[in-house]
Amino acid sequence: MAEVNNWQLGRTMQYPYPENRPKRQIAWVFDTNKCIACQTCTIACKSTWTWGSGQEYMLWNNVETKPFGFFPTGWDVELLNVMGPAKWANGKLESQTIFEGVPAGERVKGWLPAEEDWANPNIGEDEPVGVAQQGTYIPSMPHNEMWFSYLARICNHCTYPGCVAACPRQAIYKRPEDGIVLVDQERCRGYQECAQGCPYKKVMFNNNTRTSEKCIACFPKIEQGLQPQCVTSCIGRIRIAGFISPPGEVNPQNPIDFLVKVRKVALPLYPQAGTEPNVYYIPPMHSGRDYLHQMFGPGSDEAIKTYQNTKNDPELLGLMMLFGSTERIMHRFRVEGETAIGMDEAGAELVRVPVREPSWVRTYFDEVRGAYNHNIT
Amino acid sequence: MTTDGQMDRRSFIQAAGAIAAGGALAVGVAAYVAMRPGAAEKLVAHRRSGPLPIDAPNSEAWLDLDHFPVTMLMQQITPPHPSELAVPELWVRAMHNGTDIAFHLEWGDTVVNDLDKMVAFRDSVAVQLPVAPEADAAAPKTSVTMGLAPTQGAPGQNVHILHWKASWQYDVDKGRRTVKDLFPNMHNDMTPEGVLGEANALVFYPGVFAGNSMSARERKSPIEELTAAGFGSLTTHEKQLAQGRGVNERGRWRVVVSMPMDSGDATKATVRAGASTPVAFAVWNGEKGNRGARKQYANWVPMEVEA
């Protein structure tokens, strides 16, 4: 075991291999508040990568309803069962990761979902916490009475992947050029140790080829400077993909850095697992706060506060408007007055969008035509 | 059973029938196991003339030989470990004809696992031989390892492995299972081959495209030849020559694996008549989640190869 730095935990931790960060790390930010669970991302991924026989049950990208939706069934409940509740003190994780306190004879703390756990990809859809009584209404935000939210999930292309740690023959590797985690299809022997070791259950066994497969971050697109299919297909424009600076470095002009490190509005999913996941989420502001603390760590209250103040934060608002505005990877952005501008790696302009979309409110009654307008905004 | 605890007529007949059937089964299995010769004190590859019975694990030619019992151990040298000792003993018989050598491997396993499938693992067995025993002999010797690493080879100590898999045996005997065989209710309304044709669709089957032996669509032998130089280094050999067959009857696997004694390949083991060679074994029980390092293994044992 090596001692490695995990900035998301505020401490070092044990990992089977020494710290070896890629030259740059691909990362995503998903705004859960804008997701409507339309599954366009799911279908975009499915129809691009996993439409072969043997991949029928595979959803490298899925969108689940929280807290009662999961794919595979109960994956996060099992994760919390394995690890116990996370304990944080002043931003530092005090409980153990999946790499620490591992039972004798295992490589990581994991579990293998049962076959039937993969049979219900949309279980729990739109099921809220709580029961509506006669007269129930939402008095204020945030509220903890009734809620659900959507969680879009892909492989987190972790800095310290559970799958890499679990594979006994190093058949999974992290690309040095962009941090994408891939299964070597020549070396994989289908042991499914990776499927057991990944806390997010994003490695899946191909029943036809008898090897394990996972999200490849659409690397052929990333190599051409394009964002992955799940990002560019998102009709709600909830996603952005780019490169995050290494720990200790911050570039406020970098969209990912700005969201994760400057405004700290986007947080890793179940950081207590210790894998340093590279998909960051803007937490759902109407969900139960205790639940969010477990799910996104101690920064979730502050992140929601920052998010709710977006309308008074021109830079953050401008960047939010740049989500989904270009297929190309945006390396830098800036806001000039009422315009937000995204740029490529060389600084060339990729796209410009208004910080506030123009809107027009029509009168309820159209006197010219003598008719009522059903839609006035 | 009646409510007052007495057996009614129907229950009595059922219970008596079950006892009789169980007894008959026990006697049958005992007779099946006991009708063979006893245990050999050493492992000998017996010299035979003519073709070896590599396709007939149940033939008298094999069962008339004394078996050499090999005590199996839980693999606990490197993680992950198996959760229990699923196969405590392996019976080994061996014969050769000067050209080929064959091993007959037998162990108890009442549940046949011959699937490669999500959350399902196959039964399998492996024979391991050193590639260059003369060079290895120069290494410091211990009474147990004979100078050879118990770690599936080691850097500078390459091993040659013959790995029989129950799922590959199924492939050879009955044809490769499709997803429809594994999951009859699975629906796939559009496949890459249906749209693009077989050749262009291959890229959507990454394991096949990469030439991974696990993914091979045509299977000629249930045995895979591999090389290794330590845990985690197992690699499919470029030249596949091993043959054999495995069957499970009455709760026991009987598997024959054979290979040329001298393939003329410096990266494979060479077995010489009249000499002694170390040999090691491993067994996997799919029902118990065995795969990869989660296995039973036996350390090196010497095998005399009759002149």
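Protein chains in written order, with the numbering used here: chain A, 4 to 380; chain B, 921 to 1227.
Think of the CB as a built atom: it goes at the ideal place given N, C-alpha and C, for glycine as much as any other residue.
* Under 6 Å Cβ to Cβ from Glu1224 of chain B, same chain only, skipping five residues before and after it: list those, please. => Val964, Ser1196
* With a CB to CB cut of under 6 Å and the five nearest residues on each side skipped, what residues in its chain are close to Asp34 of chain A? -> Ile241, Ile285
* Let me know the secondary structure DSSP gives His296 of chain A once reduced to three states. => helix
* **In DSSP terms, what Lys217 of chain A is bridged to** => A:Val206
* Fully enclosed by the stretch 997-1064 of chain B, which beta strand (DSSP E) runs are 3 residues long or longer? -> 1009-1016, 1020-1028, 1044-1050
* Along chain A, in chain order, which residues have C-beta atoms closer than 7 Å to that of Tyr1125 of chain B? -> Gly55, Asn211, Thr212
* Find the residues of chain B that neighbour Phe208 of chain A, judging by a C-beta separation of less than 8 Å, and give them in chain order. => Lys1037, Met1038, Val1039
* **Val85 of chain A (DSSP reduced to helix, strand or coil)** => helix
* **Straight-line Cα distance separating Asp986 of chain B from Pro21 of chain A** => 51 Å
* To do: Specify whether the stretch 334-346 of chain A and the stretch 362-372 of chain A touch according to this definition: at least 3 beta carbon pairs, one from each stretch, less than 8 Å apart.
  => no
* Asn281 of chain A in three-state terms, based on DSSP -> coil
* To do: Taking Ala446 of chain A as part of the beta strand (DSSP E), name the residues at either end of that continuous run.
  => Any answer about residue 446 of chain A is impossible in this case: the structure gives chain A only from 4 up to 380.
* What residues from chain B crowd round Glu118 of chain A, counting only those whose CB sits closer than 7 Å? -> Met1038, Val1039
* Spatially closest choice to Thr380 of chain A from A:Ile243, A:Gly340, A:Val364, by CA coordinates -> A:Val364
* Asked: Where does Met1134 of chain B fall in DSSP's three states?
  -> helix
* Asked: Looking only at its own chain, which residues have a Cβ that is under 8 Å from the Cβ of Arg190 of chain A, when we skip the five neighbours before and after it?
  -> Arg172, Gln173, Ala174
* chain A residues whose Cβ lies nearer than 8 Å to that of Thr1111 of chain B -> Trp54, Gly55, Ser56
* Measure the C-alpha to C-alpha separation of Ala1040 of chain B and Val234 of chain A and round it to an integer number of angstroms. => 34 Å
* Asked: chain A beta carbons: is any one of them nearer than 9 Å to that of Gln996 of chain B?
  -> yes
* Asked: For Trp121 of chain A, does the three-state DSSP call read helix, strand or coil?
  -> helix
* To do: Tell me, to the nearest whole angstrom, how far the beta carbon of Gly300 of chain A is from that of Pro274 of chain A; I am working on the premise that it is less than 8 Å.
  => 5 Å
* Between which two residues does the alpha helix (DSSP H) carrying Glu196 of chain A extend? -> 196-200
* Interface residues of chain B around Pro171 of chain A at Cβ under 8 Å? -> Thr998, Pro999, Pro1000, Phe1151, Gly1152, Gly1212, Ala1213
* Min CB distance Glu196 of chain A to chain B below 9 Å -> yes
* **His1157 of chain B at chain A interface by Cβ criterion, 9 Å** => no
* Asked: If you draw a straight line from the C-alpha of Asn209 of chain A to the C-alpha of Ser1003 of chain B, how long is it?
  -> 25 Å
* Local conformation of Lys177 of chain A per DSSP, three classes -> strand
* Where does Phe222 of chain A fall in DSSP's three states? -> helix
* Nearest to Pro1075 of chain B by CA position, among B:His1024, B:Ala1121, B:Gly1028, B:Ser1153, is which residue? -> B:Ser1153
* To do: Given a cut-off of 9 Å, decide if Trp1220 of chain B and Pro1112 of chain B are closer than it, judged by their beta-carbon atoms.
  => no
* Rounded to whole angstroms, how far is the Cβ of Gly1127 of chain B from the Cβ of Thr214 of chain A, which I believe are closer than 8 Å? -> 4 Å
* Residues of chain B with CB under 8 Å from Cys191 of chain A, in chain order? -> Gly1127, Asn1132, Met1134
* Own chain, CB closer than 7 Å to Trp91 of chain A, minus 5 neighbours either side, in chain order -> Glu97, Gly300, Pro301
* To do: Would you grab the beta carbon distance between Ser152 of chain A and Lys204 of chain A for me? Rounded to a whole angstrom, and I think it's under 8 Å.
  => Wrong, their Cβ atoms sit about 19 Å apart, outside the cutoff.
* Asked: In whole angstroms, what is the alpha-carbon distance linking Pro1222 of chain B and Glu980 of chain B?
  -> 25 Å
* Asked: Which stretch, first to last residue, makes up the beta strand (DSSP E) that contains Gln17 of chain A?
  -> 14-18
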